[in-house]
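Have a look at the structure below, then the notes.
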Amino acid sequence: MAPVAPHVFAVSELVNRAHRSIEQQFPPLWVEGEITNLRLVNSGHAYFTLRDSHAVLPVAMWRSALARLRHRLADGQMFRVYGRLGIYAAQGKFQLYAERAEPAGLGARMQQLEQLKAKLAAEGLFARERKRPVPAWPRVVGVVTSASGAAIHDILKVARRRCPVRILLSPAQVQGEDAAFSLVRALLRLQRRPGVDVIILGRGGGAQEDLWAFNDEGLARAVAACPVPVVSAVGHEVDITICDFVADLRAATPSHAAELVVPDRDGYLSRLHHVERRLVLATKRRVLDERGRLELLTRRLAAAGHRLVLAPRRRLDALLARLGNQHPRARLARDRRLLAALHARLLAQHPRQRLDRARRRLLAAELALRERARVLAQPARLRLARAAAALNALSPLAVLQRGFAVVSTDAGVVTDVAQVAAGDPVRVELARGAFAAQVTAVEPVKEPS
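All residue numbers for the sequence shown refer to the UniProt record's numbering, where the first residue is 1 and numbers rise by one.
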């Protein structure tokens, strides 16, 4: 009997059968290890290796999965990766096709975060009744954020567009191990500055670990104890931190915080003009109504006067007829006296007399209405004048006219001596013109004792 020839596999057949066998044996699973050999290629995919002390596992993460990550991958970081096992046929390589990934310690950190939220909520730090309103027209807005980040530029851009309020930056580190301590110090610096009406605390978007400083308990308590209203503006709309809960107001982004804090000058002026127009129209309607009532009264008085004159005149004609038929002088004298009295009464009741009195009352009423309209319009005019004076006082040109100057470098406006060093060229802008200068020495800010 001839021996049976063994089945010979083609390479692709064997690899595909092994791939299917692995998929059937291992459903999608979690693997924990240290990331090494991380490569981000032009196609947007990521390739790296998970390793522990005894083995390594190649990992491929496609661009779509990488875009959903809330935590940046980095060599040397411990990560938990979820995916399915398989074989990359083109290289015959066993690997994990990753769908999700998170730092290995994230579960414990999230548990600690929930415990901190429950603790602070139990102390009443999240209570709505302790939150203070943001002032409607702040003169000085403090900002705690990075001096070089996008947040401060977004806030300044919105403030310049809405109203020229003063922005006071207290720079701080917004990510890293020392970020929470730096943020607390920056917040305390603004508390010690007199005249600060409201404070914006925040930064731009980033991975969850980049925003973790804003979940610090010490920073949360500093925000809750701040005597000045605080607006939290950390990351984007979906990013929620402990500071968002303890702050007096939460904004989705730093730009949104500036829109909530800085008043809309044009909107206020438009509403003021609208109120003034309504007041003028109401006054005009009142004057027209009173004038109509006065004209009606005048017509009624004229008709009544005609009736009052007609009846006595008829009685007078009757008396004259009777006098013509009676010759005794005594009766004639009495009748003459009666006639004189009636004549005097008729003169007193003449329509012209009553009309003159009505005209005098009409004039007095019109003068009173005009005075009332002037009194009603005066507060609106005063508020408009005060608003215009406040806007002129806040104008950057007015500040420059008083002898101040704006110092800037290629990086932007200089608001802190830490932004320049000796020998740096600067540009000094005055009320009329500008000139170039060079920093000869830098005097550090003395912290209040």
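Even glycine gets a Cβ: it sits at the ideal position worked out from N, Cα and C.
Just so we're clear, the structure is a prediction, and the values are computed from it rather than from any experiment.
Problem - Segments assigned alpha helix (DSSP H), at least 4 residues, entirely inside the UniProt domain "OB-fold nucleic acid binding" (10-100) - result: 11-25, 63-67
Problem - Residue from V275, L319, L294, R370 with nearest C-alpha to P379 - result: V275
Problem - Supposed contact pair L294 and L362 - C-beta distance, whole angstroms, cut 8 Å - result: 5 Å
Handout entry: R221: first and last residue of the uninterrupted alpha helix (DSSP H) it sits in
Key = Per DSSP, R221 belongs to the alpha helix (DSSP H) from 217-225.
Handout entry: Member of L296, G403, L168, V287 whose CA lies at the smallest distance from the CA of E371
Key = V287
Practice task
Could you pull out every unbroken beta strand (DSSP E) segment of at least 3 residues lying fully inside the segment 109-155, listed in chain order?
Solution key: Scanning the segment 109-155 for uninterrupted beta strand (DSSP E) segments of 3 residues or longer gives 140-145, listed from N- to C-terminal end.
Problem - Simplified DSSP assignment, three categories, for E209 - result: E209: coil per DSSP, three-state reduction.
Handout entry: Nearest-angstrom Cβ-Cβ length linking L116 and E217, presumed shorter than 8 Å
Key = With 8 Å as the limit, L116 and E217 qualify as a contact, their Cβ atoms being about 6 Å apart.
Exercise for the section: Use the C-beta contact count for D244: other C-beta atoms within 10 angstroms, 16 or more gives buried, fewer gives exposed. Expected result: Answer is buried; the Cβ neighbour count reaches 16.
Exercise for the section: Report the partner residues of G176 according to the DSSP bridge assignment. Expected result: For G176, DSSP assigns no beta-bridge partner whatsoever.
Practice task
Report the option in V59, D289, A398 whose CA atom is closest to the CA atom of R166.
Solution key: A398
Exercise for the section: Just tell me which of I35, R285, A74 has its CA closest to the CA of L56. Expected result: Before going on, a small fix: residue 56 reads as Val here, not Leu. Answer by Cα proximity: I35.
Practice task
Identify the continuous beta strand (DSSP E) that holds L400 and give its terminal residues.
Solution key: Segment 396-401 is the alpha helix (DSSP H) holding L400; no beta strand (DSSP E) there.
Exercise for the section: Leaving aside the five residues before and after V31 along the sequence, list all residues of the same chain whose C-beta is less than 7 Å from its C-beta, in chain order. Expected result: L50, L57, V81, L96
Handout entry: Spatial neighbours of R315 in its chain, beta-carbon cut-off 8 Å, leaving aside the 5 residues before and after
Key = L342
Problem - Contact between the segment 184-194 and the segment 277-284 (3+ Cβ pairs under 8 Å) - result: Counting Cβ pairs under 8 Å, fewer than three are found: no touch.
Practice task
Decide yes or no for the touch test of the segment 243-261 against the segment 216-232: beta carbon pairs closer than 8 Å, at least 3 of them.
Solution key: yes
Practice task
Taking only the alpha-carbon atoms, compute the straight-line gap between E77 and I152 and give it to the nearest angstrom.
Solution key: Looking at the sequence shown, residue 77 is not Glu but Gln. So the two alpha carbons sit approximately 31 Å from each other.
Practice task
Could you tell me which residues DSSP puts in a beta bridge with Q353?
Solution key: According to DSSP, Q353 bridges with nothing at all.
Exercise for the section: Would you check if the distance between the CB atom of V261 and the CB atom of V174 is smaller than 8 Å? Expected result: Contact flag unset, no.
Handout entry: Cβ-based neighbour list, R39, same chain, cut-off 6 Å, excluding 5 preceding and 5 following
Key = Non-local beta-carbon contacts of R39 in its own chain, meaning distances under 6 Å to residues more than five positions away in sequence, involve Y47 in chain order.
Problem - From A436, V439, T415, residue whose alpha carbon lies closest to that of V445 - result: T415
Practice task
If I'm right that V223 touches L201 with Cβ under 8 Å, what's the distance once you round it to whole angstroms?
Solution key: 7 Å
Practice task
Output the boundary residues of the alpha helix (DSSP H) element that contains E259.
Solution key: 254-261
Handout entry: F245, enclosing alpha helix (DSSP H) - first and last residue
Key = 242-246
Exercise for the section: Kindly indicate the opening and closing residues of the beta strand (DSSP E) around E237. Expected result: Where E237 is concerned, there is no enclosing beta strand (DSSP E), given that its DSSP letter is neither H nor E.
Problem - Beta bridge counterpart(s) of S408 as assigned by DSSP - result: DSSP output for S408 lists V413, R427 as bridge partner(s).
Exercise for the section: Check whether the Cβ atoms of M61 and H71 sit closer than 8 Å, and answer yes or no. Expected result: No, Cβ-Cβ distance for M61 and H71 is not below 8 Å.
Practice task
Give the secondary structure of E443 by DSSP, where H, G and I count as helix, E and B as strand, and everything else as coil.
Solution key: coil
Handout entry: Selection from R221, D178, G142, P28 that minimises the alpha carbon distance to P194
Key = G142
Handout entry: Start-to-end residues for the beta strand (DSSP E) that takes in Q438
Key = 434-438
Practice task
Confirm, please, whether the CB-CB distance from R162 to R285 is below 8 Å.
Solution key: no
Practice task
Round the Cβ separation of L120 and I242 to the nearest angstrom and send it over; I've been treating them as touching at under 8 Å.
Solution key: 7 Å
Handout entry: Contact under 8 Å by Cβ, A405 with L430
Key = Taking a C-beta distance under 8 Å as the contact criterion, A405 and L430 qualify as a contact pair.
Problem - Identity of the residue in R432, P312, A365 nearest R291 by Cα - result: A365
Practice task
For the beta strand (DSSP E) holding G202, just list the boundary residues, first then last.
Solution key: G202: member of the beta strand (DSSP E) spanning 198-203, first to last residue.
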